[in-house]
Amino acid sequence: MCSFKYGKKGGYRQLDHPADLMIEVVGKGREGLFVSAGEALTDILVGIERVGEEANEGFGTMEVTAAGETLEELLVDWLRELLYLFDVKGWIFSAFEIVELTKNSLRAMCSGEIFDIERHGIKTEIKAVTYHGLEIVIDEERGDCTAVILFDV
């Protein structure tokens, strides 16, 4: 089990899992949870410190949306969209600003750059974001949100 890695609005740590990659993500409020989850995905893929927020070859910031019937579905859709943009479009993000978050939808402005295998490299190849073992806990008293997420690697 790894120690906690802190991001801008929370953090994450890797949990023990026999076959795949399981993480625990923590954020201040629901918005912080989604920011922390995006930062964790980038960090696992390439190392977030390797990704700039400045425009690279015409790319800087773009709007990313997600939808789901439950908070769990919304979180999975968010991470799947970010993974799709990385795998298919070649975009990697290092900063996430939640513009709108409702019960069933999310709209965020994500900053990053075009992925460059020579400069960024690959830390971990993620095949998919799964629902297996997915759990979100909201601590109303402290305002923290915690999620356990499993990636198929």
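In the numbering used here, the protein residues as written are 213 to 365. Cβ coordinates follow ideal geometry from the N, Cα and C atoms, glycine included. Just so we're clear, the structure is a prediction, and the values are computed from it rather than from any experiment.
key: Short Cβ contact (8 Å threshold) for C357 with G250   = The sequence position of residue 357 within the sequence shown is 145, counting from 1. The sequence position of residue 250 within the sequence shown is 38, counting from 1. No. Outside cutoff.
query = What's the C-alpha gap between V360 and S323?
reply = For the purposes of this step, residue 360 is identified with residue 148 of the sequence shown, where counting begins at 1. For the purposes of this step, residue 323 is identified with residue 111 of the sequence shown, where counting begins at 1. When rounded, the distance between both Cα atoms is 25 Å.
ask   = Would you call the segment 307-319 and the segment 231-240 in contact, with 3 or more CB pairs under 8 Å?
value = no
request  = Name the two residues that bound the continuous alpha helix (DSSP H) containing L313.
outcome  = As a first step, residue 313 is located in the sequence shown; it is residue number 101 there, counting from the start. Where L313 is concerned, there is no enclosing alpha helix (DSSP H), although the beta strand (DSSP E) it sits in stretches over 303-313.
message = Just to confirm my understanding: we take L283, look at its own chain, exclude 5 residues before and 5 after, and list those with CB closer than 6 Å. What are they?
response = Position 71 of the sequence shown, counted from the start, is the residue given in the question as residue 283. So the list reads I348, once near-sequence residues are dropped.
task = Identify every residue that forms a DSSP beta bridge with A340.
result = Position 128 of the sequence shown holds residue 340. The partner list for A340 (beta bridge, DSSP) reads D364.
key: Whole-Å CB distance - A277 paired with L318, under 8 Å assumed   = For the purposes of this step, residue 277 is taken as residue 65 along the sequence shown, with counting starting at 1. For the purposes of this step, residue 318 is taken as residue 106 along the sequence shown, with counting starting at 1. A small correction: the amino acid at residue 277 is Thr; Ala does not occupy that position in the sequence shown. T277 to L318, Cβ: 7 Å. Contact.
ask   = Can you tell me the Cα-Cα spacing of T254 and L286, whole angstroms?
value = In the sequence shown, residue 254 corresponds to position 42, counting from 1. In the sequence shown, residue 286 corresponds to position 74, counting from 1. Cα to Cα, T254 sits roughly 18 Å from L286.
query = What did DSSP end up calling G244 once you bin it into helix, strand or coil?
reply = Taking the sequence shown and counting its residues from 1, one reaches residue 244 at position 32. If DSSP states are grouped into helix, strand and coil, G244 belongs with the helices.
key: Residue interval of the alpha helix (DSSP H) (run including R292)   = By 1-based counting over the sequence shown, the position of residue 292 is 80. Run containing R292: 283-296, per the alpha helix (DSSP H) assignment.
Whether E275 touches M321 by CB criterion (8 Å) = Translated into positions along the sequence shown, residue 275 becomes position 63. Translated into positions along the sequence shown, residue 321 becomes position 109. A contact, by the Cβ cut-off of 8 Å.
ask   = Are there 16 or more other CB atoms within 10 angstroms of the CB of Y343, so buried, or fewer, so exposed?
value = As a working mapping, residue 343 is identified with position 131 in the sequence shown. Looking at its Cβ environment, which holds fewer than 16 other Cβ atoms inside 10 Å, Y343 is exposed.
ask   = Do you know how far the Cα of L245 is from the Cα of G270?
value = Residue numbering aside, residue 270 sits at position 58 when the sequence shown is read from its first letter. Residue numbering aside, residue 245 sits at position 33 when the sequence shown is read from its first letter. Confidence in G270 is poor, its pLDDT being 46 and thus under 50, which makes the residue's placement too unreliable to answer from.
Residue span of the alpha helix (DSSP H) that contains R354, given as start and end = On the sequence shown, position 142 is the one that residue 354 refers to. Looking at the DSSP string, R354 is not in any alpha helix (DSSP H), and its letter there is neither H nor E.
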